[in-house]
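Here's the structure we're looking at; comments come further down.
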Amino acid sequence: TGTFHVARDITERRALSEARELLSRAAAAAPIVIWAIDMEGRYTLLEGGALGRYGLRPGELVGQSIFEFNRDAPERLAEVHRGLAGEAFTTNGAWRDTVYEAHYVPLRDASGAQSGLMAVVLDITERVRAAESRARADKLEALTILAGGVAHDFNNLLVGILGNAALALLELPEGSPARPILQEIEDAARRLADLSRQMLAFSGRGQFVRQQVDVNAVVAEAVAAAAR
Numbered sequence: 055t056g057t058f059h060v061a062r063d064i065t066e067r068r069a070l071s072e073a074r075e076l077l078s079r080a081a082a083a084a085p086i087v088i089w090a091i092d093m094e095g096r097y098t099l100l101e102g103g104a105l106g107r108y109g110l111r112p113g114e115l116v117g118q119s120i121f122e123f124n125r126d127a128p129e130r131l132a133e134v135h136r137g138l139a140g141e142a143f144t145t146n147g148a149w150r151d152t153v154y155e156a157h158y159v160p161l162r163d164a165s166g167a168q169s170g171l172m173a174v175v176l177d178i179t180e181r182v183r184a185a186e187s188r189a190r191a192d193k194l195e196a197l198t199i200l201a202g203g204v205a206h207d208f209n210n211l212l213v214g215i216l217g218n219a220a221l222a223l224l225e226l227p228e229g230s231p232a233r234p235i236l237q238e239i240e241d242a243a244r245r246l247a248d249l250s251r252q253m254l255a256f257s258g259r260g261q262f263v264r265q266q267v268d269v270n271a272v273v274a275e276a277v278a279a280a281a282r
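Going by my numbering, the first residue of the sequence shown is number 55, and it counts up by one from there.
Following this line, the structure appears as structure tokens:
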């Protein structure tokens, strides 16, 4: 006798689905992790191109409890509780061999009531390593500057020591008991001069000289110096 049709407007649902698909594609192309949970702590979203670094797949944890997944990470559980309490914040942390930066944002419904929590996690491992490398380079540069300055002042003092020791030896007779002491002072000052040259080379103001040495003689000299 005829037909009966029921039509439902799914424009909003389709737009939401398309937006979710777009978010999923964008997240998969970026080195990030995006997750969302409801107020009970159950995952409702897990996407991102960096999931593989954490041993996870998109959507793998959806429906599971974030509290159970992070049961061995009390610091992350504390962050989740902060977010579920309505706080938006950014924090850094470490998981396995990565360092991350996490941005927590509370989710709210149309009435303004909190309905969950979302986090965007960025892998900043390389950034942290680069910063640590720069810090080491800065420390090394400061050390070389210090070594050069110390070596320069050290040389000035050694000139006076060696000069005065040489003058004293000229004034003393050959049999004077003070001559061996002054000669030891000269020897020690020359060894210090060698050390100063090494410091200058380290600071870039000098250069290393490669040559063959008699190790036995070096050891014997060091032992004799320590025994004095």
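Virtual Cβ for every residue (Gly too), placed ideally from N, Cα, C.
>> Using DSSP's beta-bridge definition, name the partner residues of E101.
In response: Taking the first residue of the sequence shown as position 1, residue 101 is located at position 47. In the DSSP assignment, E101 is bridged to I88.
> Below 8 angstroms between beta carbons: does that hold for G102 and I86?
Replying inline: Along the sequence shown, read from residue 1 onward, the residue named residue 102 stands at position 48. Along the sequence shown, read from residue 1 onward, the residue named residue 86 stands at position 32. In this structure, I86 lies closer than 8 angstroms to G102 by Cβ.
> From this set, N270, L131, L110, Q265, which residue's C-alpha is nearest I88's C-alpha?
Replying inline: Looking up residue 88 in the sequence shown gives position 34. Answer by Cα proximity: L110.
>> Determine whether the beta carbon atoms of L131 and N124 lie at a separation below 8 angstroms.
In response: Taking the sequence shown and counting its residues from 1, the one referred to as residue 131 is at position 77. Taking the sequence shown and counting its residues from 1, the one referred to as residue 124 is at position 70. Against a cut-off of 8 angstroms, the Cβ pair of N124 and L131 comes out as a contact.
>> Our contact map puts V159 next to A142 with C-beta atoms below 8 angstroms; I'd like the distance itself, whole angstroms only.
In response: As a first step, residue 159 must be located in the sequence shown, where it is residue number 105. As a first step, residue 142 must be located in the sequence shown, where it is residue number 88. Rounded, the Cβ-Cβ distance is 5 angstroms, consistent with contact.
> Touching or not, the stretch 211-228 and the stretch 176-196, by the rule of three or more beta carbon pairs under 8 angstroms?
Replying inline: Taking 8 angstroms as the limit for Cβ pairs, the verdict is that the stretch 176-196 does not touch the stretch 211-228.
>> What does the Cβ neighbour count give for E133, buried or exposed, with the cut at 16 atoms within 10 Å?
In response: For the purposes of this step, residue 133 is taken as the residue at position 79 of the sequence shown. Around the beta carbon of E133, 16 or more other beta carbons sit within 10 angstroms, so the residue counts as buried.
> Rounded to a whole number of angstroms, what is the C-alpha to C-alpha distance between E66 and V60?
Replying inline: By one-based count along the sequence shown, residue 66 stands at place 12. By one-based count along the sequence shown, residue 60 stands at place 6. Those two C-alpha atoms are separated by around 18 angstroms.
> With distances taken from CA atoms, which of V174, A156, E195, P128 is nearest N146?
Replying inline: Numbered from 1 along the sequence shown, position 92 holds the residue referred to as residue 146. For N146, the nearest C-alpha among the options comes from A156.
>> Assess contact between the stretch 158-176 and the stretch 93-101, defined as three or more Cβ pairs (one per stretch) separated by less than 8 angstroms. Is contact present?
In response: Result yes; three or more Cβ-Cβ pairs closer than 8 angstroms.
>> Classify I120: buried if its beta carbon has 16 or more other beta carbons within 10 angstroms, exposed otherwise.
In response: The sequence position of residue 120 within the sequence shown is 66, counting from 1. I120 is buried by the Cβ-count criterion.
> If you check the beta carbons only, do A247 and A219 fall under 8 angstroms apart?
Replying inline: Reading the sequence shown from its first residue, position 193 is the one you call residue 247. Reading the sequence shown from its first residue, position 165 is the one you call residue 219. Going by beta carbons, A247 and A219 fall outside the 8 angstroms limit.
> Which of helix, strand or coil does DSSP assign to F58?
Replying inline: Your numbering for residue 58 matches position 4 in the sequence shown. If DSSP states are grouped into helix, strand and coil, F58 belongs with coil.
>> According to DSSP, simplified to helix, strand and coil, what is S250?
In response: For this step, residue 250 is matched to residue 196 along the sequence shown. Reduced to three states, the DSSP call for S250 is helix.
> Nearest to L216 by alpha carbon, out of D126, I239, A139?
Replying inline: In the sequence shown, counting from the first residue as 1, residue 216 sits at position 162. For L216, the nearest C-alpha among the options comes from I239.
>> Quick check on L226: does DSSP put it in helix, strand or coil?
In response: As a first step, residue 226 must be located in the sequence shown, where it is residue number 172. DSSP places L226 in coil when its eight states are reduced to three.
> Can the beta-carbon of A196 be found less than 8 angstroms from the beta-carbon of M253?
Replying inline: Against the sequence shown, residue 196 aligns to sequence position 142. Against the sequence shown, residue 253 aligns to sequence position 199. Cβ atoms of A196 and M253: not closer than 8 angstroms.
>> If the criterion is Cβ atoms closer than 8 angstroms, does the pair Y154 and L138 meet it?
In response: As a first step, residue 154 must be located in the sequence shown, where it is residue number 100. As a first step, residue 138 must be located in the sequence shown, where it is residue number 84. Their beta carbons are not under 8 angstroms apart, which means Y154 does not touch L138 by this criterion.
> Does the beta-carbon of A191 have 16 or more other beta-carbons within 10 angstroms, so that it is buried, or is it exposed?
Replying inline: Numbered from its first residue, the sequence shown carries residue 191 at position 137. With fewer than 16 Cβ atoms within 10 Å of its Cβ, A191 is classed as exposed.
>> By the DSSP assignment, the alpha helix (DSSP H) with L115 in it spans what residues?
In response: Within the sequence shown, the letter at position 61 stands for residue 115. Run containing L115: none; DSSP gives neither H nor E here.
> In whole angstroms, what is the alpha-carbon distance linking Q118 and G56?
Replying inline: Walking along the sequence shown from the start, residue 118 turns up at place 64. Walking along the sequence shown from the start, residue 56 turns up at place 2. Q118 and G56: Cα-Cα distance of roughly 49 angstroms.
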